[in-house]
Amino acid sequence: MGFHTYDPERAPNLEDASRYRYCSAEELLALFDQGGVVADLGSGTGFYTDDVAPYVETCYAVDVQHEMHDFYREKGVPESVELVEAAVDDLPFPDGHLDGAFSTMTYHEFHSDEALAELHRTLAPDARVGIADWTANGDGGEGPPLDERFMLDDCTSAFEAAGFSVEFASERRETFVCSLRREP
Ligand SMILES: C[S@@+](CC[C@H](N)C(=O)[O-])C[C@H]1O[C@@H](n2cnc3c(N)ncnc32)[C@H](O)[C@@H]1O
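Every letter in the sequence shown is one number past the one before it in numbering that gives the first Met the number 0, and letter 156, counting from 1, is 155.
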């Protein structure tokens, strides 16, 4: 199936520390972290992967664009991170392999029934997924155009339909965050 791509020329923009004003590392970890084996869905240059890496056994940096992994390799990949070139709707992991997963500013790119079904398959029962993304409620001054974004409720409803329960959800000015638990 088709997927959104991110212009590799713009990859250095993803390394801008001012991005933490939209989602901090501490906030992101609180949404999903239980240690163990986790996946960053649409990892890009590894900006947030690097923040998670010290707290987990393994973090798979999943991205569909090899150029993003090339950038990450050049920057330096932490020992606990494994680069995986794959789309979220076709993950190369066995059933129940993941103890957690997260995604920053990418749900609007990978969202589909197939992707959420694949997450349900690859996550262990009770594992959590943390999502931070741009909200359709924002002013669109930064990030993707408003018509490419979702509202928080669109995201949580899609996860509920795919067999997840909502643990925490918060809509802000420009972004939303939520924590979803895979039902057994
Ligand atoms: C906007 S960037 C964000 C990168 C990173 N999450 C961050 O916050 O720095 C989105 C990334 O998701 C990747 N991507 C888009 N659709 C995808 C999909 N269906 N499966 C895996 N990766 C995807 C793109 O290649 C790109 O690197």
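For glycine and all other residues, C-beta sits at the position ideal for the given N, C-alpha and C. Every value quoted in this text rests on a predicted model; they were computed, and no experiment measured them.
Give the range of the alpha helix (DSSP H) segment to which ALA86 is assigned.
Translated into the one-based positions of the sequence shown, residue 86 becomes position 87. Per DSSP, ALA86 belongs to no alpha helix (DSSP H) and is neither H nor E.
Please state whether DSSP places ARG148 in a helix, a strand or coil.
Numbered from its first residue, the sequence shown carries residue 148 at position 149. Coil, per DSSP.
Does DSSP put THR105 in a helix, a strand or coil?
On the sequence shown, residue 105 is found 106 positions in, with the first residue counted as 1. Coil at THR105, not helix or strand.
Assess contact between the segment 102-119 and the segment 69-81, defined as three or more Cβ pairs (one per stretch) separated by less than 8 Å. Is contact present?
no
Which residues mark the beginning and the end of the beta strand (DSSP E) in which THR57 is found?
For the purposes of this step, residue 57 is identified with residue 58 of the sequence shown, where counting begins at 1. Note, THR57: beta strand (DSSP E), 57-62.
Report buried or exposed for ARG180, applying the criterion of at least 16 other Cβ atoms within 10 angstroms of its Cβ.
On the sequence shown, residue 180 is found 181 positions in, with the first residue counted as 1. Its Cβ being crowded by 16 or more others within 10 Å, ARG180 is buried.
Among ALA38, PHE149 and VAL37, whose alpha-carbon lies nearest the alpha-carbon of ARG171?
In the sequence shown, the residue the question calls residue 171 occupies position 172. Checking every option, the nearest Cα to that of ARG171 belongs to PHE149.
Use the C-beta contact count for ALA16: other C-beta atoms within 10 angstroms, 16 or more gives buried, fewer gives exposed.
Reading the sequence shown from its first residue, position 17 is the one you call residue 16. Exposed.
DSSP state of THR4, grouped into three classes?
By one-based count along the sequence shown, residue 4 stands at place 5. THR4 falls in the coil class under three-state DSSP.
Taking C-beta to C-beta, are ASP98 and VAL36 nearer than 8 Å?
Mapped onto the sequence shown, residue 98 falls at position 99. Mapped onto the sequence shown, residue 36 falls at position 37. Yes.
If you draw a straight line from the alpha carbon of PRO124 to that of ALA160, how long is it in whole angstroms?
Here the question's residue 124 lines up with position 125 in the sequence shown. Here the question's residue 160 lines up with position 161 in the sequence shown. Each residue's alpha carbon lies about 16 Å from the other.
Pull up the distance between the alpha-carbon of ARG20 and that of ASP62, whole angstroms please.
The residue given as residue 20 occupies position 21 in the sequence shown. The residue given as residue 62 occupies position 63 in the sequence shown. Rounded to whole angstroms, ARG20 to ASP62 spans 24 Å at the Cα level.
Under the assumption that LEU118 contacts ALA100 (Cβ atoms under 8 Å), give the Cβ distance between them as a whole number of angstroms.
Locating residue 118 in the sequence shown gives position 119, counting from the first residue. Locating residue 100 in the sequence shown gives position 101, counting from the first residue. Confirmed, Cβ separation roughly 6 Å.
Under 8 Å by Cβ, that's how I've got GLY43 and LEU13 pegged, so tell me the actual separation to the nearest angstrom.
The count along the sequence shown starts at 1 and reaches residue 43 at position 44. The count along the sequence shown starts at 1 and reaches residue 13 at position 14. Rounded, the Cβ-Cβ distance is 5 Å, consistent with contact.
How many angstroms separate the CA atom of HIS3 from the CA atom of ALA135?
Your numbering for residue 3 matches position 4 in the sequence shown. Your numbering for residue 135 matches position 136 in the sequence shown. If I take the Cα positions, the gap works out to 17 Å.
State the beta-bridge partners of ARG20 as determined by DSSP.
For the purposes of this step, residue 20 is identified with residue 21 of the sequence shown, where counting begins at 1. BP columns for ARG20 are empty, so no partner.
Around the C-beta of GLY129, are 16 or more other C-beta atoms found within 10 angstroms, so that it is buried, or is it exposed?
Residue 129 sits at position 130 when you count from the first residue of the sequence shown. Buried is the call here.
Buried or exposed: MET0, going by 16 or more other Cβ atoms within 10 Å of its Cβ?
The residue you call residue 0 lines up with position 1 of the sequence shown. Low confidence applies here, because MET0 scores a pLDDT of 43, under 50, leaving its location unreliable and the question unanswered by this model.
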